[in-house]
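Counting along the sequence shown from 1, when you hit position 638 you're at 780 in our numbering, and nothing is skipped either side.
Where a beta carbon is used, it is the ideal one built from N, C-alpha and C, also for glycine.
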Amino acid sequence: MRRAVREQRAEAVMTMHPRGATTGGPAGEPGAVGPSVRFTVLGPVRVWADGVELPTGPRQQRLVLAALLARAGRPVSLEELVALLWEEDPPASAANAVHRYVGALRRLLEPGLPARAPGRWLVRRAGGYLLRVGPDELDLLAFRHLVRRARAAADADEAVDLFVAALEQWRGRCAADVVTADPVPRVFASVDHEYVAAVSAAATVALGCDRPGAVLLAARQAVERQPFNEQVLARTMLLLTADGKQAEALTLYHRFRADLKEELGLSPGRDVRAAYDRILREPREPGPPAANAGPVTPAAPLRQVRPEAPVPHHPALAQLPADLPCFTGRTELLEQAARFAAADDGALRVLAVDGIAGVGKTALAVHLAHRIAARFPDGQLFADLGGFASADGPAEAGEVLVGFLAALGVDRTRVPARTDARAALFRSVLATRRVLMVLDNAHDADQVRPLLPGSARCAVLITSRRRLTDLATMNGARLMSLDVPSAQEAADCFVQRVGTGGPVTDVAAISDIVERCGRLPLALGIVAARATAYPDVPLRRIADELAAAGENLEAFSDNDRDNPVRAAFSWSYRPLGSDAARLFRALPRHGRGRLSTAELTRLVPVPAHVAAEAVAALVRARLLTPVRPDRYDVHPLVLAYAAELARESRRRTGVTRAARAGAGRVVILSAGRRARSGRAPAALPRVRPALR
143 MRRAVREQRA
153 EAVMTMHPRG
163 ATTGGPAGEP
173 GAVGPSVRFT
183 VLGPVRVWAD
193 GVELPTGPRQ
203 QRLVLAALLA
213 RAGRPVSLEE
223 LVALLWEEDP
233 PASAANAVHR
243 YVGALRRLLE
253 PGLPARAPGR
263 WLVRRAGGYL
273 LRVGPDELDL
283 LAFRHLVRRA
293 RAAADADEAV
303 DLFVAALEQW
313 RGRCAADVVT
323 ADPVPRVFAS
333 VDHEYVAAVS
343 AAATVALGCD
353 RPGAVLLAAR
363 QAVERQPFNE
373 QVLARTMLLL
383 TADGKQAEAL
393 TLYHRFRADL
403 KEELGLSPGR
413 DVRAAYDRIL
423 REPREPGPPA
433 ANAGPVTPAA
443 PLRQVRPEAP
453 VPHHPALAQL
463 PADLPCFTGR
473 TELLEQAARF
483 AAADDGALRV
493 LAVDGIAGVG
503 KTALAVHLAH
513 RIAARFPDGQ
523 LFADLGGFAS
533 ADGPAEAGEV
543 LVGFLAALGV
553 DRTRVPARTD
563 ARAALFRSVL
573 ATRRVLMVLD
583 NAHDADQVRP
593 LLPGSARCAV
603 LITSRRRLTD
613 LATMNGARLM
623 SLDVPSAQEA
633 ADCFVQRVGT
643 GGPVTDVAAI
653 SDIVERCGRL
663 PLALGIVAAR
673 ATAYPDVPLR
683 RIADELAAAG
693 ENLEAFSDND
703 RDNPVRAAFS
713 WSYRPLGSDA
723 ARLFRALPRH
733 GRGRLSTAEL
743 TRLVPVPAHV
753 AAEAVAALVR
763 ARLLTPVRPD
773 RYDVHPLVLA
783 YAAELARESR
793 RRTGVTRAAR
803 AGAGRVVILS
813 AGRRARSGRA
823 PAALPRVRPA
833 LR
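1. Quick one: what's residue 181 bridged to in DSSP?
2. Taking 8 Å as the threshold, find out whether the stretch 477 to 492 comes into contact with the stretch 591 to 602 through three or more Cβ pairs.
3. For the alpha helix (DSSP H) that contains residue 561, what are its first and last residues?
4. Assign residue 495 to one of three DSSP states: helix, strand, or coil.
5. Helix, strand or coil for residue 583? Go by DSSP, reduced to three states.
6. By Cβ distance, which residues of its chain are closer than 7 Å to residue 775, with the 5 residues on each side in sequence left out?
7. Rank 544, 675, 237 by C-alpha distance to the C-alpha of residue 558 and give the top, closest one.
8. Is it true that the stretch 613 to 623 meets the stretch 508 to 518, where meeting means three or more beta-carbon pairs spaced less than 8 Å apart?
9. Please work out which residues of its chain come closer than 7 Å, Cβ to Cβ, to residue 479, disregarding the five sequence neighbours upstream and downstream, and give them in chain order.
10. Between residue 657 and the rest of its own chain, which residues show a CB-CB distance below 7 Å, the 5 nearest in sequence each way excluded?
11. In angstroms, rounded to a whole number, what distance separates the CA positions of residue 289 and residue 308?
12. How far does the alpha helix (DSSP H) with residue 244 in it extend, from its first residue to its last?
13. Give the range of the alpha helix (DSSP H) segment to which residue 518 is assigned.
14. Assuming residue 540 is part of the alpha helix (DSSP H), what are its boundary residues?
15. If we count Cβ pairs, one from each stretch, closer than 8 Å, do we get three or more for the stretch 408 to 423 versus the stretch 382 to 392?
16. Return helix, strand or coil for residue 270, following the three-state DSSP convention.
17. Would you mind reading off the limits of the beta strand (DSSP E) that contains residue 620?
18. Could you tell me if residue 396 is buried or exposed, where buried requires 16 or more neighbouring beta carbons within 10 angstroms of its beta carbon?
19. Tell me the rounded alpha-carbon separation between residue 580 and residue 664.
20. For the alpha helix (DSSP H) holding residue 613, just list the boundary residues, first then last.
21. Put residue 448 into one of helix, strand or coil per three-state DSSP.
22. Roughly how many angstroms separate the alpha carbons of residue 275 and residue 235, rounded to a whole number?
23. Hey, how far is the Cα of residue 569 from the Cα of residue 277?
24. Roughly how far, in whole angstroms, is the beta-carbon of residue 214 from the beta-carbon of residue 280, given that I think they are within contact range, below 8 Å?
25. How close, in whole Å, do the beta carbons of residue 212 and residue 317 come, if the pair is a contact with beta carbons under 8 Å?
26. Is there contact between the stretch 359 to 372 and the stretch 520 to 527, where contact requires at least three CB pairs shorter than 8 Å?
27. How long is the line joining the alpha carbons of residue 515 and residue 601, rounded to whole angstroms?
28. With three or more beta-carbon pairs closer than 8 Å as the criterion, would you say the stretch 775 to 794 touches the stretch 666 to 686?
29. Within the continuous beta strand (DSSP E) that includes residue 774, where are the two ends?
30. Runs of 4 residues minimum, wholly inside the stretch 637 to 674: which ones carry the alpha helix (DSSP H) assignment?
31. May I have the straight-line CA-CA distance separating residue 565 from residue 654, to the nearest angstrom?
32. If you follow the beta strand (DSSP E) that residue 598 is in, where does it begin and where does it stop?
33. Identify whether residue 372 lies in helix, strand or coil by the three-state DSSP scheme.
34. For the pair the stretch 705 to 714 and the stretch 677 to 688, tell me if three or more CB-CB distances fall below 8 Å.
35. Using 8 Å as the Cβ pair cut-off and three pairs as the minimum, do the stretch 235 to 250 and the stretch 189 to 201 touch?
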């Protein structure tokens with residue numbers, strides 16, 4: 143049986159040799175006429191046609207090819223390719239350059255292809271490009287195919303042989319000859335993660351059937367590539383011991399412990415400590431015979447073995463704020479977000495929620511984090527990034543990293559001075575942990591990017607008033623815009639906040655309150671707190687007071703602090719440039735209702751391109767909401783805030799004009815008196831600059 147499987151393995155490996163491919167076209171086109179083409183991306187990026195290696199062009203062209211191969215039959219968007227080629231400030235010609243590289247690759251693969259004819263290999267898909275390949279044409283797909291077969295194998299020996307065949311496809315890191323960025327771009331890092339996961343699985347099976355030597359070489363290579371991956375290191379230590387190399391295993395442990403202490407200021411984690419303890423207690427621990435033993439059963443998890451020596455205790459990470467006791471609504475949105483954040487697809491999951499001030503972004507993120515926290519046994523990290531509500535400005539990423547590293551047990555004396563070095567240390571510490579992060583109130587993508595872990599075991603929830611498009615383009619974040627809740631959800635939220643002790647039976651009054659609050663959760667919370675504090679006041683009276691207040695936001699003042707609604711909007715208004723601020727104050731002239739771009743640009747007497755940029759600035763600040771091309775909405779409370787600012791601006795303008803007029807009359811009268819007295823007039827005072 144074992145011999146037959148090994149012959150199968152040899153045949154599979156030969157199939158992947160550069161001169162061994164015999165297919166005539168991409169997967170999905172059987173019988174296509176053309177050269178036999180084969181690609182490799184698990185190591186250097188290389189291409190063969192009919193057994194002859196082809197020149198793949200300059201580095202940026204090879205990087206485009208590498209990204210298409212790493213996606214293996216899935217489209218790569220133009221934005222992703224641009225971000226990959228130019229990490230910062232892509233030139234205006236970036237898209238054209240990508241098109242040229244793709245055209246050159248098409249001509250390389252199909253020399254006779256007319257200029258605008260659709261190719262068989264490289265095709266346009268969903269605003270990007272897709273390279274159509276099959277397992278016989280790409281080493282990455284062959285690797286995945288063999289790993290799937292290994293995981294499904296009923297015989298442990300067969301599984302080990304298939305794992306070894308899969309791991310032999312690798313000759314280095316994914317796209318090793320073209321990837322120079324640090325950190326490694328996600329499209330390639332996720333493929334490297336597959337290698338480490340396969341090594342770990344292969345080691346577990348090999349230990350179970352007493353064949354440690356079969357995967358030892360791959361395990362050593364995995365340790366070299368990821369020296370601080372504790373799961374792989376623990377498996378490698380056990381493989382060495384089972385192969386009779388206990389001294390080497392202990393040397394590996396002590397070197398790892400010293401490096402970890404020196405570079406990161408940490409002690410080995412539980413996986414490595416448990417493996418070390420097992421080695422000391424039982425130098426050789428082969429598994430039971432596995433022939434015809436049914437489906438492969440992994441060895442006992444290492445974390446079940448507790449070291450006898452005491453280990454330093456660090457409090458469990460649990461930094462999430464308290465969840466709202468009466469969170470209601472957002473059901474469909476929460477389900478989508480929970481599925482995405484808790485998915486295990488081999489890539490870091492980043493979910494960025496955006497929306498206007500007071501719409502409930504933080505409440506949603508915290509509620510979602512509590513809901514999925516159990517999937518992240520190593521804890522949760524939380525930080526308020528102060529993007530739009532801090533007098534000191536947005537938090538510095540480097541300072542946030544200091545706090546995170548301290549919470550993770552890193553000695554502050556070991557924390558580097560530079561932000562990029564802190565970020566690298568942070569990624570290293572989280573490399574083998576399953577941690578959920580919540581980054582609240584982010585200012586922009588640049589503030590967030592150094593805080594992202596590199597491990598696919600983690601997930602990150604982000605809230606921001608801005609739509610973090612750059613984070614989606616360059617870091618694969620999923621964007622989710624949060625609108626005000628439906629009328630029914632808003633009413634349910636208000637009733638839950640008021641509670642059973644207050645008068646909640648006046649449905650019409652509740653409906654009026656909801657609409658007067660614009661269904662904004664922040665405003666609803668303020669009114670609900672007032673109703674709870676004064677339970678004898680009928681809800682109808684509160685609704686009437688809100689109606690009487692009209693555009694006056696004083697109706698939402700509370701007794702503990704400044705007006706929260708006004709303050710929330712002010713943090714979006716303050717960073718605006720003069721033209722955008724002027725346009726915002728002019729919005730009440732249009733009144734309520736939907737506005738077109740033309741209507742917006744007519745509100746201020748500036749050139750069209752200046753007005754267009756002002757509109758874009760209001761959209762970025764979430765003071766205008768695009769509802770479809772060329773149409774925008776303004777939240778009623780945002781409009782009320784704009785009206786307040788407009789009134790204050792007119793008042794100040796009137797005071798300034800009166801002061802200037804009065805000062806002018808004083809100057810004229812003074813000059814007249816001097817003329818009548820025969821004295822030479824003194825220089826006129828510089829009134830205008832002083833009044834500016």
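In this structure, then:
1. On the sequence shown, residue 181 is found 39 positions in, with the first residue counted as 1. Residue 181 is bridged to 189, 280.
2. yes
3. The residue given as residue 561 occupies position 419 in the sequence shown. Taken as a continuous stretch (DSSP letters only), the alpha helix (DSSP H) holding residue 561 covers 561 to 571.
4. To locate residue 495, count along the sequence shown from 1; it is residue 353. Residue 495: strand per DSSP, three-state reduction.
5. Counting from 1 along the sequence shown, the entry for residue 583 is found at position 441. Strand, per DSSP.
6. Reading the sequence shown from its first residue, position 633 is the one you call residue 775. Cβ neighbours of residue 775 beyond the five flanking positions: 736, 767, 769.
7. Walking along the sequence shown from the start, residue 558 turns up at place 416. Nearest C-alpha to residue 558: 544.
8. no
9. As a working note, residue 479 is residue 337 in the sequence shown. So the qualifying residues of the chain are 493, 510, 622.
10. Residue 657 sits at position 515 when you count from the first residue of the sequence shown. Counting only Cβ-Cβ distances below 7 Å, and skipping sequence neighbours, we find nothing.
11. Taking the first residue of the sequence shown as 1, we reach residue 289 at position 147. Taking the first residue of the sequence shown as 1, we reach residue 308 at position 166. In a straight line, the C-alpha of residue 289 is about 6 Å away from that of residue 308.
12. Along the sequence shown, one-based indexing puts residue 244 at 102. Counting along the chain, the alpha helix (DSSP H) containing residue 244 begins and ends at 236 to 251.
13. Position 376 of the sequence shown holds residue 518. Segment: none, residue 518 is in no alpha helix (DSSP H) and carries neither H nor E.
14. For the purposes of this step, residue 540 is identified with residue 398 of the sequence shown, where counting begins at 1. Taken as a continuous stretch (DSSP letters only), the alpha helix (DSSP H) holding residue 540 covers 539 to 549.
15. yes
16. Stepping through the sequence shown from its first residue, residue 270 is reached at position 128. If DSSP states are grouped into helix, strand and coil, residue 270 belongs with the strands.
17. What you label residue 620 is simply residue 478 of the sequence shown in a count that begins at 1. That run of the beta strand (DSSP E) goes 620 to 623.
18. As a first step, residue 396 is located in the sequence shown; it is residue number 254 there, counting from the start. Under this definition residue 396 is an exposed residue.
19. As a working mapping, residue 580 is identified with position 438 in the sequence shown. As a working mapping, residue 664 is identified with position 522 in the sequence shown. Near 20 Å, if we compare the C-alpha coordinates of residue 664 and residue 580.
20. As a first step, residue 613 must be located in the sequence shown, where it is residue number 471. Unbroken alpha helix (DSSP H) run through residue 613: 611 to 617.
21. For the purposes of this step, residue 448 is taken as the residue at position 306 of the sequence shown. Here residue 448 scores only 35 on pLDDT, less than 50, and its place in the model should not be relied on; the value that follows carries that caveat. Note: residue 448 maps to coil in three-state DSSP.
22. For the purposes of this step, residue 275 is taken as the residue at position 133 of the sequence shown. For the purposes of this step, residue 235 is taken as the residue at position 93 of the sequence shown. C-alpha separation (whole angstroms): 29 Å.
23. Your numbering for residue 569 matches position 427 in the sequence shown. Your numbering for residue 277 matches position 135 in the sequence shown. About 33 Å.
24. Position 72 of the sequence shown, counted from the first residue, corresponds to residue 214. Position 138 of the sequence shown, counted from the first residue, corresponds to residue 280. Residue 214 to residue 280, Cβ: 6 Å. Contact.
25. For this step, residue 212 is matched to residue 70 along the sequence shown. For this step, residue 317 is matched to residue 175 along the sequence shown. Confirmed, Cβ separation roughly 7 Å.
26. no
27. Indexing the sequence shown from 1 puts residue 515 at position 373. Indexing the sequence shown from 1 puts residue 601 at position 459. Straight-line Cα distance between these residues: approximately 10 Å.
28. no
29. In the sequence shown, residue 774 corresponds to position 632, counting from 1. Looking at the DSSP string, the run of the beta strand (DSSP E) that includes residue 774 is 773 to 775.
30. 649 to 658
31. Reading the sequence shown from its first residue, position 423 is the one you call residue 565. Reading the sequence shown from its first residue, position 512 is the one you call residue 654. Rounded to whole angstroms, residue 565 to residue 654 spans 50 Å at the Cα level.
32. Within the sequence shown, the letter at position 456 stands for residue 598. Segment: none, residue 598 is in no beta strand (DSSP E) and carries neither H nor E.
33. Position 230 of the sequence shown holds residue 372. Note: residue 372 maps to helix in three-state DSSP.
34. no
35. yes
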